[in-house]
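Report on one structure; see the data block that follows.
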Amino acid sequence: MRPAELDRVSVAEAADRYVELVWARVSTGALSAATAEVYARDVATLVELAGPGRVLDDLTGEDVDAVLLAFARKPDGRRPAGVGDGAGRDGGGQSASSQARFRRSISALFKHATLAGWVQVNPMTVATITARERGGLRPERRALTREQAQGLVGAARRLGEQPPPARGRRDQRTELRDGLIVLLLATLGPRVSELVRANVEDFFTNDGVRYWRIFGKGGRTRDVPLPADVARVLQAYLERGRPASADKALLLSWRGRRLARGDVQAVIDRVQRQVDPERRRTVTPHGLRHTTATHLLADAVDMDAVRRVLGHSDLSTLGRYRDELPGELEVAMRAHPLLKRPSSG
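First residue of the sequence shown? That's 38 in this note's numbering, and the numbers climb one at a time after it.
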């Protein structure tokens, strides 16, 4: 028998109540608005796939398995049909990272539902579909290799060094902005939400060094110095690339509106088309975050410094952002510190 206190809410009603609580956490500063948007989107997808009128407590582990499988097969609307992402996907389904994120989102909902008395048994605990069975393959590599990253950065640099156009409307040209976006993503590794939230006033100079005050998760801020080449492109963009606008946003469309998260991938793809095909590989904004972490750590940059650049509160989180590089173990062994000959004299 069901306990008297069980609240037999529908999937749609449970989703609405849960998303309300998620946004309440944003107002208290416990959660970022960007994270709340992701939760809300995933919960809406759960409602669509499970059926809005079904009673939440009637969902079984098999139902959850079916939802996970259906989500895995959904087309990834962020990319044109037939365009891969280097993550081992064929046929345009969801990436492994998207599937893992979706699973975390609905797990959080069911965990709350158990505590709130909406379900007797959390169906996530009896779901049997694993990541491999869902069809999600872990990306072979999310970070670009050094050659691929240098090709992309080089293309972005060239866009930043182009002279003003002799013809055409200057306010409709986006080369400087596109170059700046890719340079910031590839060298500093911000989250895409941090990038599009950036305002002009967040960039300041101290002792001759240009800094970006990044407003990150949980209301935390970090001041990250810009490499000299990136600072030069930033200055060029502010002087002759940014449309005149009352909006305080750093990155604007040619119409003068703040750039949206979904626009950033199109910018990266556009810059990639300037890269030599032999050094080109499609990459997402998050893949560029992995690229930053991977190459800074591979060059023996202090782990705590890398943590602070990326905006992590814990060093252990860096492990998720560190991809293996081909040949790096061979290089490490050739330069083994215990085999260095002592200098004479």
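Backbone N, C-alpha and C fix where the C-beta goes; we use that ideal spot for every residue, glycine too.
- In the DSSP assignment, the residues bridged to VAL92 are SER47.
- ARG54 and ALA164 have their C-alpha atoms spaced approximately 23 Å apart.
- DSSP lists no beta-bridge partner residue for ARG317.
- In the three-state scheme derived from DSSP, where H, G and I count as helix and E and B as strand, THR242 is classed as strand.
- The C-beta distance from SER142 to VAL80 rounds to 6 Å, short enough to fall under 8 Å.
- In this structure LEU221 touches VAL267 by the C-beta definition: roughly 7 Å separates them, less than 8 Å.
- By the 16-neighbour rule on beta-carbons within 10 angstroms, THR211 is buried.
- When beta bridges are read from the DSSP output, ARG295 appears opposite LEU289.
- Of all C-beta pairs linking the stretch 245-255 to the stretch 299-306, fewer than three are shorter than 8 Å, placing the two stretches out of contact.
- Residue ILE218 holds the alpha-carbon nearest to the alpha-carbon of ALA297 among VAL59, ASP341, ILE218.
- By the 16-neighbour rule on beta-carbons within 10 angstroms, THR65 is exposed.
- Comparing alpha carbon positions, the residue from ALA109, ARG110, LEU93, ALA335 closest to PHE147 is LEU93.
- A direct Cα-Cα distance of roughly 21 Å separates LEU347 from GLN185.
- For the alpha helix (DSSP H) assignment, the uninterrupted runs of no fewer than 4 residues enclosed by the stretch 327-351 are, from N- to C-terminal side, 340-347.
- Its chain contains VAL246, TYR248 as the residues whose beta carbon lies nearer than 6 Å to that of PRO262, once the 5 sequence neighbours on both sides are disregarded; these appear in chain order.
- Taking 7 Å as the cut-off, the Cβ atoms of ARG292 and ASP284 do not count as close.
- Between GLY324 and ARG179, the CB-CB gap stays under 7 Å.
- Straight across, the Cα-Cα distance linking PRO280 with LEU106 is about 45 Å.
- Distance between GLN272 and ARG214, taken at the CA atoms: about 11 Å.
- Under the DSSP definition of a beta bridge, ASP260 partners with ARG250.
- Counting C-beta atoms within 10 angstroms of its own C-beta, PHE139 has 16 or more neighbours from the protein chains shown and is therefore classed as buried.
- Beta-bridge partners of ASN236 (DSSP): ALA286.
- Counting only the Cα atoms, GLN187 lies some 52 Å from VAL156.
- The three-state reading of DSSP puts ARG78 in helix, counting H, G and I together.
- Excluding residues up to 5 positions away in sequence, ILE251, GLY253, ARG345, GLY348 lie with their Cβ nearer than 7 Å to the Cβ of ARG259 in the same chain.
- Between the beta-carbon of GLY216 and that of ARG234 there is about 20 Å, and that puts the pair past the 8 Å contact cut.
- In its chain, beyond the 5 residues on either side, GLY226 have a beta carbon closer than 6 Å to the beta carbon of THR329.
- Straight through space, the alpha carbons of ASN243 and LEU58 are spaced by roughly 41 Å.
- The Cβ atoms of VAL301 and PRO314 lie no closer than 7 Å to each other.
- With contacts defined as CB atoms closer than 7 Å, LEU333 and VAL320 fail to qualify as a contacting pair.
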